[in-house]
Amino acid sequence: MKTLSKSSHIPLYQQVVEWIRESIYSGELVEDDRIPSEFQIMDMLEVSRGTVKKAVDQLVREGVLVQVQGKGTFVKKENVAYPLGEGLLSFAEALASQKINFTTSVITSRLEPANRFVAEKLSIKPGQDVLFLKRLRCIGDEKVMLIENRINIDLCPGIIDVDFTRENLFSAIERLS
1 MKTLSKSSHI
11 PLYQQVVEWI
21 RESIYSGELV
31 EDDRIPSEFQ
41 IMDMLEVSRG
51 TVKKAVDQLV
61 REGVLVQVQG
71 KGTFVKKENV
81 AYPLGEGLLS
91 FAEALASQKI
101 NFTTSVITSR
111 LEPANRFVAE
121 KLSIKPGQDV
131 LFLKRLRCIG
141 DEKVMLIENR
151 INIDLCPGII
161 DVDFTRENLF
171 SAIERLS
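Residue 1 is where the sequence shown starts when you use full-length UniProt numbering, and the numbers rise one by one after that.
Have a look at this one:
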């Protein structure tokens, strides 16, 4: 089980957010699964109820979780970890705005055919090539975020050639679109 770092630059509630998110991404929790109760998460991660509540509230606002009165909190169907909207700010931009130094390493960058789910989300045909990008963000020696993106290459000509260790994805998309 992952433990949280109380000495990290990342707020505890944000670490709880990422812990829940990783449970979903790893398949430990799937659509319609009930997540552990606030008290169970408090015991598992040794954090306060307020910290857990703030993390869960954030994931509910993002559309990752849904709360059902008297039943609990569940993984939402077809969840979107970071919904698009006004005031969109990337994680890299958020860190930079707080003057937190970070590094990005590219784990995978390749073309792959879009499956049905990805094709639907990107409004393309299944089997059409998309850029699959998997990156790791670190603050110092601490791994803080694993990011996977699939990008419609027809909307961003040249995206395949971008050095994502030097340029963040949002900037590249804005520049190339």
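Glycine included, each C-beta is placed from N, C-alpha and C at the ideal position.
Inset, instruction - Pair every Cβ in the segment 164-174 with every Cβ in the segment 29-47, then say whether three or more of these pairs are closer than 8 Å. - result: By the Cβ test, the segment 164-174 is not in contact with the segment 29-47, since fewer than three Cβ pairs between them sit closer than 8 Å.
Legend entry - Proximity below 8 Å, CB of V30 to CB of V75: Yes; because the gap between Cβ atoms is below 8 Å, this pair is in contact.
Inset, instruction - Just the C-alpha distance for W19 and H9, rounded to the nearest angstrom, thanks. - result: 16 Å
Legend entry - Distance, Q128 Cα to G140 Cα: 38 Å
Legend entry - For E93 and A55, the rounded distance between their alpha carbons: 21 Å
Legend entry - Whether I153 touches I147 by CB criterion (8 Å): No, these two residues do not count as a Cβ contact at 8 Å.
Inset, instruction - With a cut-off of 8 Å on the beta carbons, I'd call T104 and R135 a contact; round off their distance for me. - result: 5 Å
Legend entry - S5 to E46 span [Cα, whole Å]: Taking the straight line joining both Cα atoms gives about 11 Å.
Legend entry - Delimiting residues of the alpha helix (DSSP H) encompassing L155: Looking at the DSSP string, L155 is not in any alpha helix (DSSP H), and its letter there is neither H nor E.
Inset, instruction - Note down the Cα distance separating L131 from Y25, rounded to an integer number of angstroms. - result: 19 Å
Inset, instruction - Pick out the complete beta strand (DSSP E) segments inside the segment 94-147, 3 residues or longer, and give them in chain order. - result: 103-113 and 129-139
Legend entry - Proximal residues to K71 (C-beta, below 8 Å), its chain only, five neighbours per side dropped: Cβ neighbours of K71 beyond the five flanking positions: R34.
Inset, instruction - Below 6 Å CB to CB, which residues in the same chain sit around L122 once its five sequence neighbours on both sides are set aside? - result: N152
Inset, instruction - Would you tell me roughly how many angstroms separate the C-alpha atoms of R116 and R150, rounded to the nearest one? - result: One alpha carbon belongs to R116, the other to R150, and they sit about 13 Å apart.
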